[in-house]
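Under this note's numbering, think of the first position of the sequence shown as 3, with each following residue one higher.
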Amino acid sequence: MMISAAEDIGFLIQIVQKDYEIVTRKKFLETAPSKIADLETEISKMDEELQKDLDEIAGLESEQKNLSGKIKLQNDDINKKKLDREKLKTNKEYRAMGNEIEYLLDKVDEEEEQILMILDKITAAEKELEKIKARIDSEKDGLLDRKNELDEEVRVNEEKLQIIEDEKIRILPHLSEKVMRRYERILKAKGDSGVANLAGDVCQGCFSRVPPQKAHEIRKNDQLLTCEDCGRILVYYSKA
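Written as structure tokens, this is what we have:
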């Protein structure tokens with residue numbers, strides 16, 4: 003059964019509509035991974051910022067714990083020296099032991115002062131951490147929501163792309179053999195489609211202007227005409 007030019011064009015219109023959607027969805031799927039990676043990088047940076055503050059507090063707490071342990075040992079040593087001092091027989095030995103005790107007491111005072119300063123730093127760091135955590139939680143939630151949305155968009159686009167490509171495959175055999183070969187040859191050369199819609203007097207494949215008389219003939223959709231600039235088969239349909 004012979005297929006008329008008008009019938010071929012009807013199928014070509016369906017095909018180019020599929021091609022446009024395929025190109026659009028493929029472009030999204032090509033750019034989505036980098037967008038998702040950027041979001042993941044931002045989320046990772048926030049986690050690192052939070053961890054840095056947690057590590058700072060942990061470091062201060064560790065320093066406080068070490069000093070407290072050191073003070074305890076020094077106090078134990080002071081108490082032992084006080085007991086040993088009572089057993090000394092000469093004033094010289096007694097004074098020497100007293101000097102050692104005074105030195106250790108001074109060290110304990112200094113270390114206790116350091117602990118107070120560390121506790122102040124911990125308090126300030128914890129307050130700052132709460133502010134940072136509140137900001138990060140809010141911003142991170144937004145980034146995670148956007149990432150989840152993109153992940154879902156990728157899934158939907160992959161599914162719809164498969165459906166559209168399958169639909170296009172089912173339409174192609176309805177073309178006459180000659181037109182199908184012509185379409186596939188142009189598609190291979192152009193990459194997006196072997197057909198282009200005419201909008202006004204502009205080819206939507208290369209966006210060059212088509213002469214008024216030729217545009218008029220194309221809009222009839224009853225003969226196969228091509229764009230003089232890009233070589234795509236030109237058809238006409240309204241996107242409204």
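Even for Gly, the Cβ is constructed at its ideal location relative to N, Cα and C. Source: prediction; values computed, not measured.
Bridge partners of residue i, per DSSP?
i, result
"residue 200", "205"
"residue 211", "204"
"residue 227", "236"
So for residue i, helix, strand or coil by DSSP?
i, result
"residue 121", "helix"
"residue 178", "coil"
"residue 221", "coil"
"residue 91", "coil"
"residue 194", "coil"
"residue 134", "helix"
"residue 48", "helix"
"residue 99", "helix"
"residue 80", "helix"
"residue 37", "helix"
"residue 241", "coil"
"residue 5", "coil"
With C-beta atoms as the reference, is residue i less than 8 Å away from residue j?
i, j, result
"residue 148", "residue 227", "no"
"residue 237", "residue 25", "no"
"residue 239", "residue 15", "yes"
"residue 51", "residue 138", "yes"
"residue 231", "residue 210", "yes"
"residue 221", "residue 200", "yes"
"residue 44", "residue 145", "yes"
"residue 134", "residue 62", "no"
"residue 99", "residue 90", "yes"
"residue 152", "residue 28", "no"
"residue 156", "residue 8", "no"
"residue 159", "residue 31", "yes"
"residue 69", "residue 128", "no"
"residue 203", "residue 217", "yes"
"residue 173", "residue 13", "yes"
Does residue i pass the burial test, meaning 16 or more other C-beta atoms within 10 Å, or should it be called exposed?
i, result
"residue 234", "buried"
"residue 10", "buried"
"residue 118", "exposed"
"residue 53", "exposed"
"residue 196", "buried"
"residue 21", "buried"
"residue 206", "buried"
"residue 56", "exposed"
"residue 177", "buried"
"residue 191", "exposed"
"residue 136", "exposed"
"residue 39", "exposed"
"residue 198", "buried"
Which whole-angstrom value is the C-beta distance of residue i and residue j, which I expect to be below 8 Å?
i, j, result
"residue 80", "residue 103", "6 Å"
"residue 131", "residue 59", "7 Å"
"residue 109", "residue 76", "6 Å"
"residue 142", "residue 48", "5 Å"
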